[in-house]
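Chains as they are written, first to last, in this note's numbering: chain X, 1 to 157; chain F, 1 to 98.
Structure representation (structure tokens):
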């Protein structure tokens, strides 16, 4: 990942901008939502693999900053909402797409099904994710690039 | 399946809050099916989306609106070995990539 950041730096112009946009595991809320009301009915569970991915990504960006490749100018978090017609559809989608990263336990599923069944006819089920967005600026006059080939010093010749 | 993504529209709002895409040459790493690409590419002078998933890139190409075809390109590549010359892009978006 640090190597990827080195490559991105290479193809950016001096003072070029890198936007880092990614979800951050944070036991995201599950909601049942209708036109009339929103009910938070539980949370999903974070798995070690997903948490490790977040840690690795954060570490890579920190290394890029440490090497003097990029400087962080701005960072915020915002909600990103996935929405399904029914709890069953959400359950199937999570099992197919994200079963390595998050889990939805049986008790929480039961609560969601019940809340959805009791809600208004237009009710949907949602997953409210936490997203990170950060703006980094390429720094010129690099301090250290561990991926560059070692050049020969004048004293070598 | 009736999945809807970003129903509150926050991603597009924050993306444009954090970056000015106007007339910029943009590289998107991890473009997938181009969902994010379509939210800013109209403003750019050139956008290149890369992803290792060839099937996702096919969808990105098919779903790319006609008015974006001249300024958007998709390529199979990995971030660790970008097939571009140095200092090609003004802006890079690392999209859901890690």
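We treat Cβ as the ideally placed atom computed from N, Cα and C, and that holds for glycine.
Which same chain residues, not among the five before or five after residue i, have their C-beta less than 6 Å away from its C-beta?
| i | result |
| --- | --- |
| residue 83 of chain F | 77 |
| residue 26 of chain X | 130 |
| residue 140 of chain X | 14 |
| residue 50 of chain X | 25, 101 |
| residue 54 of chain X | 24, 25 |
| residue 5 of chain F | none |
By the three-class DSSP mapping on this structure, what secondary structure does residue i have?
| i | result |
| --- | --- |
| residue 151 of chain X | At residue 151 of chain X, the pLDDT of 43 sits below 50, so the modelled position is not reliable; the number obtained from the coordinates is stated separately. In this structure, residue 151 of chain X counts as coil in the three-state DSSP scheme. |
| residue 32 of chain X | strand |
| residue 1 of chain X | coil |
| residue 12 of chain F | helix |
| residue 134 of chain X | strand |
| residue 47 of chain F | strand |
| residue 91 of chain F | strand |
| residue 139 of chain X | coil |
| residue 87 of chain X | helix |
| residue 40 of chain X | strand |
| residue 57 of chain F | helix |
| residue 79 of chain F | coil |
| residue 16 of chain X | strand |
| residue 53 of chain X | helix |
| residue 36 of chain F | coil |
| residue 18 of chain F | helix |
| residue 85 of chain F | coil |
Would you grab the beta carbon distance between residue i and residue j for me? Rounded to a whole angstrom, and I think it's under 8 Å.
| i | j | result |
| --- | --- | --- |
| residue 8 of chain X | residue 50 of chain F | The pair is not a contact, with the Cβ atoms about 11 Å apart (cut-off 8 Å). |
| residue 89 of chain X | residue 109 of chain X | Their Cβ separation, rounded to whole angstroms, is 12 Å, which puts residue 89 of chain X and residue 109 of chain X out of contact at 8 Å. |
| residue 128 of chain X | residue 81 of chain X | 5 Å |
| residue 7 of chain F | residue 41 of chain F | Actually they do not touch by this definition, with Cβ atoms about 22 Å apart. |
| residue 47 of chain F | residue 84 of chain X | At roughly 30 Å, the Cβ-Cβ gap does not stay under 8 Å, so residue 47 of chain F and residue 84 of chain X are not in contact. |
| residue 97 of chain X | residue 133 of chain X | The Cβ separation is near 22 Å, so there is no contact. |
| residue 36 of chain X | residue 107 of chain X | Rounded, the Cβ-Cβ distance is 26 Å, inconsistent with contact. |
| residue 78 of chain X | residue 14 of chain F | 5 Å |
Go through its chain and collect everything with a Cβ distance to residue i's Cβ below 8 Å, but skip five positions before and after it.
| i | result |
| --- | --- |
| residue 10 of chain F | none |
| residue 23 of chain F | 43, 44, 45 |
| residue 138 of chain X | 9, 12, 13, 14, 15, 16, 17, 18, 69, 70 |
| residue 60 of chain F | 31, 32, 33, 34, 37, 49, 51, 74 |
| residue 56 of chain X | 1 |
| residue 26 of chain F | 40, 41, 44, 46, 47, 48, 89, 90, 91, 92, 93 |
| residue 45 of chain X | 27, 102, 103, 104, 105 |
| residue 152 of chain X | For residue 152 of chain X, the predicted structure reports a pLDDT of 40, less than 50, and the residue's modelled location is therefore unreliable. A value from the coordinates is still provided. None. |
| residue 111 of chain X | 41, 42 |
Could you please give me the residues that DSSP links to residue i through a beta bridge?
| i | result |
| --- | --- |
| residue 171 of chain X | What the structure shows of chain X is the stretch from 1 to 157, and residue 171 of chain X is not part of that stretch, so it cannot be assessed. |
| residue 5 of chain F | X:82 |
| residue 26 of chain F | F:47, F:91 |
| residue 72 of chain F | F:47 |
| residue 45 of chain X | X:103 |
| residue 52 of chain F | Its beta-bridge partners do not exist; DSSP assigns none. |
| residue 65 of chain F | Residue 65 of chain F pairs with nothing; no bridge assigned. |
| residue 24 of chain X | X:130 |
| residue 75 of chain X | X:134 |
In chain order, what residues of the same chain lie with their CB nearer than 7 Å to the CB of residue i, ignoring the 5 residues before and after it?
| i | result |
| --- | --- |
| residue 5 of chain X | 60, 64, 69 |
| residue 94 of chain X | 102, 104 |
| residue 123 of chain X | 32, 33, 34, 116 |
| residue 29 of chain X | 40, 43, 128 |
| residue 135 of chain X | 17, 19, 73, 74 |
| residue 96 of chain F | 30 |
| residue 113 of chain X | 87 |
| residue 12 of chain F | 39 |
Three-pair Cβ contact test at 8 Å for the stretch 18 to 25 of chain X versus the stretch 12 to 23 of chain F
These segments touch.
Is it a yes or a no for the stretch 61 to 75 of chain F touching the stretch 87 to 95 of chain F, going by three-plus beta-carbon pairs under 8 Å?
no
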